[in-house]
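Q: First residue of the sequence shown: 45, per our numbering; consecutive thereafter. Every residue, glycine too, gets a C-beta built ideally from N, C-alpha and C. Remember, it's a predicted structure, so these values are computed and weren't measured experimentally.
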Amino acid sequence: MFSGRIEISGRGSSRRMRYVRGPLLAPAAGEVRVRVRYAGVAYGDVMRRRGVLAPPFDFTPGYDVTGEVEALGQGATLVQGQRVAVLLPVTGFGGYAEHVVVPAAACVPIPDAVHAREAIGLGLNAITALQVLTRVAKVPEGGSVLVHGAAGGVGCAVLDVASQRGLRVYGTASAGKHHVVRERGGEPIDYRTQDFVQVIREHTKGRGVDAVIDGIGGAHLQQSAKAVASGGTLVALGVSGDVAGGLPGVVGGMRHVLRAALSPSLRVRLYGITASPGCGPAACRADWAELMRLLAAGSLRTPLIGAERALARAEQAHALLEGGSVTGKVVLRT
45 MFSGRIEISG
55 RGSSRRMRYV
65 RGPLLAPAAG
75 EVRVRVRYAG
85 VAYGDVMRRR
95 GVLAPPFDFT
105 PGYDVTGEVE
115 ALGQGATLVQ
125 GQRVAVLLPV
135 TGFGGYAEHV
145 VVPAAACVPI
155 PDAVHAREAI
165 GLGLNAITAL
175 QVLTRVAKVP
185 EGGSVLVHGA
195 AGGVGCAVLD
205 VASQRGLRVY
215 GTASAGKHHV
225 VRERGGEPID
235 YRTQDFVQVI
245 REHTKGRGVD
255 AVIDGIGGAH
265 LQQSAKAVAS
275 GGTLVALGVS
285 GDVAGGLPGV
295 VGGMRHVLRA
305 ALSPSLRVRL
315 YGITASPGCG
325 PAACRADWAE
335 LMRLLAAGSL
345 RTPLIGAERA
355 LARAEQAHAL
365 LEGGSVTGKV
375 VLRT
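#1: Among the candidates 141, 164, 142 and 143, whose CA atom is the shortest distance from the CA of residue 152?
#2: Can you tell me whether residue 199 is helix, strand or coil according to DSSP?
#3: Output the distance between the C-alpha atoms of residue 169 and residue 198, rounded to the nearest integer angstrom.
#4: Confirm, please, whether the CB-CB distance from residue 86 to residue 110 is below 8 Å.
#5: For residue 67, I'd like the list of residues in its chain whose CB is within less than 8 Å of its CB, leaving aside the five on either flank, ordered along the chain.
#6: Give a yes or no on whether the C-beta atoms belonging to residue 231 and residue 214 are separated by under 8 Å.
#7: Count the other C-beta atoms from every protein chain shown that fall within 10 angstroms of the C-beta of residue 359, then say buried if there are 16 or more, exposed otherwise.
#8: Runs of 3 residues minimum, wholly inside the region 295–372: which ones carry the beta strand (DSSP E) assignment?
#9: Buried or exposed, going by whether 16 or more other CB atoms sit within 10 Å of the CB of residue 49?
#10: Could you give the first and the last residue of the continuous beta strand (DSSP E) run that contains residue 77?
#11: Exposed or buried, which one is residue 281 when buried takes at least 16 other CB atoms within 10 Å?
#12: Rounded C-beta distance between residue 80 and residue 144? I'm assuming under 8 Å.
#13: On the DSSP letters alone, give me the boundaries of the alpha helix (DSSP H) that residue 225 sits inside.
#14: So what does residue 50 bridge to, in DSSP terms?
#15: Would you check if the distance between the CB atom of residue 133 and the CB atom of residue 317 is smaller than 8 Å?
#16: Quick check for students: name the residue ranges of the alpha helix (DSSP H) that lie wholly in the region 212–279, counting only runs of 4 or more.
#17: Does the region 179–189 come within contact of the region 334–345, defined as at least 3 CB pairs closer than 8 Å?
#18: Taking three-plus beta-carbon pairs below 8 Å as touching, is the region 247–255 in contact with the region 268–276?
#19: Since residue 52 and residue 101 are thought to touch, with beta carbons under 8 Å apart, how far apart are those beta carbons, to the nearest angstrom?
#20: Can you tell me where the alpha helix (DSSP H) with residue 160 in it begins and where it stops?
#21: Quick one: measure Cβ to Cβ for residue 347 and residue 201, integer angstroms, because I've assumed they're closer than 8 Å.
#22: Using only the alpha-carbon positions, how far apart do residue 249 and residue 338 sit?
#23: Around the Cβ of residue 237, are there at least 16 other Cβ atoms within 10 angstroms (buried) or fewer (exposed)?
#24: Quick one: using the 10 Å Cβ neighbour count with 16 as the cut-off for buried, is residue 361 buried or exposed?
#25: Apart from the five residues just before and just after residue 75, which ones in its own chain have a Cβ nearer than 7 Å to its Cβ?
#26: Thinking C-alpha only, which one of 112, 95, 114 and 113 is nearest residue 105?
#27: How big is the Cα-Cα spacing for residue 354 and residue 363?
#28: When you compare the CB positions of residue 259 and residue 192, do they come within less than 8 Å of one another, or not?
#29: Among all the DSSP beta bridges, which residues are the ones paired with residue 209?
#30: If you run the structure through DSSP and keep just helix, strand and coil, what is residue 174?
#31: Should residue 373 and residue 88 be called a contact, given that it needs their Cβ atoms to be closer than 8 Å?
#32: Please name the residue, chosen from 189, 210, 92 and 82, that lies closest to residue 241 on a Cα-to-Cα basis.
#33: Can you give me the Cβ contacts of residue 210 inside the same chain, cut-off strictly under 6 Å, excluding the 5 residues immediately before and after it?
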């Protein structure tokens, strides 16, 4: 039997991505084979396709998947047919595939009330949002947050999680996406026509917000630092602006992180999924389970999935992310 997956054959454009088929792998002891139904598409996948922190080519990208257990290795304690969610940095990426073989311990059961498509919407992006707010920035009850790129995948997740926790949340976005920010519980700021630092200072009577979440990077971090209240936290994640410049851009962007960190009035934190202190694999599984529990209980908005493409059309999904027009998360179906 065979199974399909996406491989990236070398650094470059989305045309380096191809759909290939190979032997269907059997799970070893303690492992399960998951029939993937949905896979998340993240900007980190684009980074690796461009050669930034990429594993050796050819490789299959993809951080998060949802599906059901199809086969069990000896000693695996799950049940065949059980619906599960899996965060793949634990096992080395590989989510753009029809099947994945993973340790049984890496699987998070999906509640009956949550669809697999909703569960993938609560994967990487929402885990990031929850961890940044609670484990990294530790925003206090009733606190305030500014997130850049608020209509994107991580941005929408931050809006959802922050508003669920009773936080006041501001989000930068182009004017055409302000309705998305409002619908997710945020107060929009037009980054093209407004000075976000000035807006934040006006809305907080000069104090600033408890946390700024900045996925742009570079010199933008120094502007973000000006919007943080004394004793607050600036969180740098993803740094999409730096990534656009390849590895030199990432290295150059780190200089701006260090400059921002020199401010005695705020904390600066770099966030990486499964890598930040207190955000390891076990914490990620617990946080994904908590997000699905909140959704099942009706306490959290249904995640916004802005685009869905077939697995074999993964290059279209990357083009959507790079074009910046999509709102919410982009997913692949198998």
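A: On the basis of the supplied data:
#1: As a working note, residue 152 is residue 108 in the sequence shown. For residue 152, the nearest C-alpha among the options comes from 164.
#2: Translated into the one-based positions of the sequence shown, residue 199 becomes position 155. In the structure shown, residue 199 sits in a helix (DSSP, three-state: H, G or I).
#3: Here residue 169 is taken as the residue at index 125 of the sequence shown, counted from 1. Here residue 198 is taken as the residue at index 154 of the sequence shown, counted from 1. Straight-line Cα distance between these residues: approximately 5 Å.
#4: Taking the first residue of the sequence shown as 1, we reach residue 110 at position 66. Taking the first residue of the sequence shown as 1, we reach residue 86 at position 42. Not a contact, by the Cβ cut-off of 8 Å.
#5: The sequence position of residue 67 within the sequence shown is 23, counting from 1. Correct list, in chain order: 45, 46 and 47.
#6: Counting from 1 along the sequence shown, the entry for residue 231 is found at position 187. Counting from 1 along the sequence shown, the entry for residue 214 is found at position 170. Contact: yes.
#7: In the sequence shown, residue 359 corresponds to position 315, counting from 1. The residue in question, residue 359, is buried, as its Cβ has 16 or more Cβ neighbours within 10 Å.
#8: 311–315 and 349–354
#9: On the sequence shown, residue 49 is found 5 positions in, with the first residue counted as 1. Burial call: buried.
#10: Translated into positions along the sequence shown, residue 77 becomes position 33. From DSSP, the beta strand (DSSP E) with residue 77 extends over 75–85.
#11: Position 237 of the sequence shown, counting from 1, holds the residue named residue 281. Burial call: buried.
#12: Within the sequence shown, the letter at position 36 stands for residue 80. Within the sequence shown, the letter at position 100 stands for residue 144. Their Cβ separation, rounded to whole angstroms, is 6 Å, which keeps residue 80 and residue 144 in contact under 8 Å.
#13: To locate residue 225, count along the sequence shown from 1; it is residue 181. Start and end: 222–227.
#14: Reading the sequence shown from its first residue, position 6 is the one you call residue 50. 63, per the DSSP bridge assignment.
#15: Looking up residue 133 in the sequence shown gives position 89. Looking up residue 317 in the sequence shown gives position 273. Cβ distance < 8 Å, so residue 133 and residue 317 count as in contact.
#16: 222–227, 240–247 and 264–269
#17: no
#18: yes
#19: Here residue 52 refers to the residue found at position 8 of the sequence shown. Here residue 101 refers to the residue found at position 57 of the sequence shown. About 6 Å; that satisfies the 8 Å criterion.
#20: Here residue 160 refers to the residue found at position 116 when the sequence shown is read from its first residue. 160–165 is the span of the alpha helix (DSSP H), which, as asked, contains residue 160.
#21: Reading the sequence shown from its first residue, position 303 is the one you call residue 347. Reading the sequence shown from its first residue, position 157 is the one you call residue 201. Right, their Cβ atoms sit about 7 Å apart.
#22: By 1-based counting over the sequence shown, the position of residue 249 is 205. By 1-based counting over the sequence shown, the position of residue 338 is 294. Taking the straight line from one Cα to the other gives about 33 Å.
#23: Here residue 237 corresponds to residue number 193 of the sequence shown, with the count starting at 1. When all chains shown are included, residue 237 counts as exposed.
#24: Taking the first residue of the sequence shown as 1, we reach residue 361 at position 317. So residue 361 counts as buried.
#25: Position 31 of the sequence shown, counting from 1, holds the residue named residue 75. Cβ within range, chain order: 117, 120, 145, 146, 147 and 148.
#26: Position 61 of the sequence shown, counted from the first residue, corresponds to residue 105. Among 112, 95, 114 and 113, the Cα nearest to that of residue 105 is on 95.
#27: If you number the sequence shown from 1, residue 354 lands on position 310. If you number the sequence shown from 1, residue 363 lands on position 319. Taking the straight line joining both Cα atoms gives about 14 Å.
#28: Sequence index remark: in the sequence shown, residue 259 carries index 215 (1-based). Sequence index remark: in the sequence shown, residue 192 carries index 148 (1-based). Yes, these two residues count as a Cβ contact at 8 Å.
#29: Taking the first residue of the sequence shown as position 1, residue 209 is located at position 165. DSSP output for residue 209 lists no bridge partner at all.
#30: Sequence index remark: in the sequence shown, residue 174 carries index 130 (1-based). Looking at residue 174 - three-state DSSP - the assignment turns out to be helix.
#31: As a first step, residue 373 must be located in the sequence shown, where it is residue number 329. As a first step, residue 88 must be located in the sequence shown, where it is residue number 44. Not a contact, by the Cβ cut-off of 8 Å.
#32: The sequence position of residue 241 within the sequence shown is 197, counting from 1. Among 189, 210, 92 and 82, the Cα nearest to that of residue 241 is on 189.
#33: Indexing the sequence shown from 1 puts residue 210 at position 166. Answer for residue 210: no residue qualifies.
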